[in-house]
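Working notes, beginning with the structure itself.
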Amino acid sequence: MTRHDSTLSPLAELASNVAQPFERARAMPKSVYTSEEFLAAEIENVFKQDWFCVTRADALPNPGDYTTLELAGQPIMVIRDREGQLRAQSNVCLHRMSTLLEGSGNTRAIVCPYHAWTYNLDGRLRGAPAMTLNEAFCKDGQALPQVRCEEWLGWVMITLNPDAPPVSETLAGVADLVGDYEMENYQQTFFETHRWDTNWKVLAENFMESYHLPVCHAGTIGGLSKLEEMVCPPGEEAFNYHWILKEPDFVLGNAHPTNTRLSGERRRTTFLLAIYPSLLITLTPGYFWYLSLHPHGVGQVEIRFGGGMAPEFVNDPEAQSHFNALKALLDDVNVEDRGCTEKVYNGLCSDMATPGHLSHLERPNYDFAQYLNARVNGG
Ligand code: FES
Ligand SMILES: [Fe+2]
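If you read the sequence shown in the UniProt record's numbering, its first letter stands for residue 1, the second for the next number, and so on.
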């Protein structure tokens, strides 16, 4: 049986692909990106099972601050309640099942836009107009279904899986790797959502390898990226990573002089963390930015894009202007990544396309394929 055997299901094609050792590895089969069957398996076994990043906790500082999203087809709100607790809960009304909140914002109560059933921030039903004549109706004890929500190193993580181990346990290896950066104290200064015309995994894999930097990013950061300064160790079960050394003259990419947490080469080391399934973090001693991805069909990806600065830089007016320049640069880099990842999706839909061999700089991509296979094939 070969990998070109079109009688194999997409799940079996992936199983056959990941059976190769890294030294002989190829990119994942096309059907993994293009088939509805594979997407359905991902929704069930990945997005309904694993932890998903919504935003940073400091983006929702006050009671009533909320944001909304869909995870694996489920409308969810994340809201800070009166007690200051972040909660994730169903964003669907208990009356005729309208969705409740939209986008992000602040509210004193959750009021359904259809008939104004009203909920406390903690999801308890507080009022329902003109319902007294229904003898079976009683608002007491009714509440929006709750979803697991945890804060971890400043990230707001949710899962639909009641049995998922806590984030801090699943990602203990990340804390071991970059605990001295104290990412929990970094402050978010921007957050945006985007939708691109590519499969979510094409964008995730693009993030995982810096092999493309010199070429895809020739117009921006390509010249600063040296392939020989990239280190790509084998990944762990729940994440993969690689790191790059930043030039000493790139102010924000280096530790601030008052940063005493980092020493030696770590003062200019950028970590690229790919936390499965879809939280992709660039962590430097001075700033961070991230993508949290969710599929929108096979051919589009929903992108939650945010970033900010390490605490030493936050109150420095000069750092803010450096950061503004950096954000403009990130936007230009994103335009290049969008071009590359949309071209890849377009290309891999071709009948004549075949997945080629991977470079040693694509080790994280190989590890990602192993993770995905374990999830969808229960390996
Ligand atoms: S559907 Fe929400 S109040 Fe009717
Ligand atoms: Fe890129």
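Note that the Cβ used here is the ideal one computed from N, Cα and C, for glycine as well.
Closest in C-alpha terms to ASN206, from the list PHE52, ALA15, PRO364, comes PRO364. Taking TRP152 as the centre and dropping the five residues before and after it, the same chain places the C-beta of VAL167, SER168 closer than 6 Å to its C-beta, in chain order. Per the DSSP secondary-structure output, THR68 pairs in a beta bridge with MET77.
Unbroken beta strand (DSSP E) runs of no fewer than 3 residues, entirely contained in the region 220-288, are found at 239-245, 269-275, 279-283, following chain order.
DSSP places TYR290 within a strand segment (E or B) once states are collapsed to three. Taking 8 Å as the cut-off, one finds no heavy atom of ligand 2 near enough to the beta carbon of VAL344. In this structure, LEU14 sits near PHE38, with a CB-CB distance shorter than 9 Å.
Those residues placing their Cβ nearer than 7 Å to any heavy atom of ligand 1 are, following chain order, CYS93, HIS95, ARG96, MET97, SER98, CYS112, TYR114, HIS115, ALA116, TRP117. The Cβ atoms of GLY307 and ALA59 lie no closer than 9 Å to each other. Beta-carbon to beta-carbon, SER90 and LEU144 are separated by about 5 Å, close enough to satisfy the 8 Å threshold. Annotation: HIS360 is outside any beta strand (DSSP E) and is labelled neither H nor E by DSSP. For GLU182, no alpha helix (DSSP H) encloses it, and the DSSP letter there is neither H nor E. Between GLY286 and GLY253, the gap from beta carbon to beta carbon is short of 9 Å. At a Cβ-Cβ threshold of 9 Å, ILE244 and THR260 do not count as neighbours. For ARG304, the enclosing beta strand (DSSP E) stretches over residues 300-309. Per DSSP, the beta bridge partners of ARG148 are THR159. At a threshold of 8 Å, VAL301 does not count as near ligand 2, since its beta carbon sits no closer than that to any of the ligand's heavy atoms.
Distance from the Cα of ILE79 is smallest, within the candidate group CYS93, GLY73, PRO61, HIS95, for PRO61.
Inter-residue distance for PRO214 and HIS296 is about 30 Å (C-alpha atoms, whole angstroms). Counting other Cβ atoms within 10 Å of its Cβ, LYS343 stays below 16 and is therefore classed as exposed.
Here ARG338 has TRP196 as same chain residues with Cβ atoms under 6 Å from its own Cβ, once five neighbours each way along the sequence are excluded. Three or more beta-carbon pairs drawn from the region 351-366 and the region 216-235 are found closer than 8 Å, and the two stretches are therefore classed as touching. Comparing alpha-carbon positions, the option among THR118, PHE47, THR67, ILE76 lying closest to ARG56 turns out to be THR67. DSSP places GLY105 within a strand segment (E or B) once states are collapsed to three. Per DSSP, the beta bridge partners of GLN188 are GLY308.
A distance below 9 Å separates the beta carbons of MET28 and LYS201. ARG87 is the residue among MET183, ARG87, SER350, ASP176 whose C-alpha sits nearest the C-alpha of ILE158. Assigned with DSSP and collapsed to three states, GLN89 falls in strand. Taking every protein chain shown into account, the CB of TYR211 has 16 or more other CB atoms within 10 angstroms, so this residue is buried. If you look at ARG56, you'll find it in the beta strand (DSSP E) that goes 52-56.
In terms of Cβ geometry, TYR241 and LEU177 form a close pair [threshold 9 Å].
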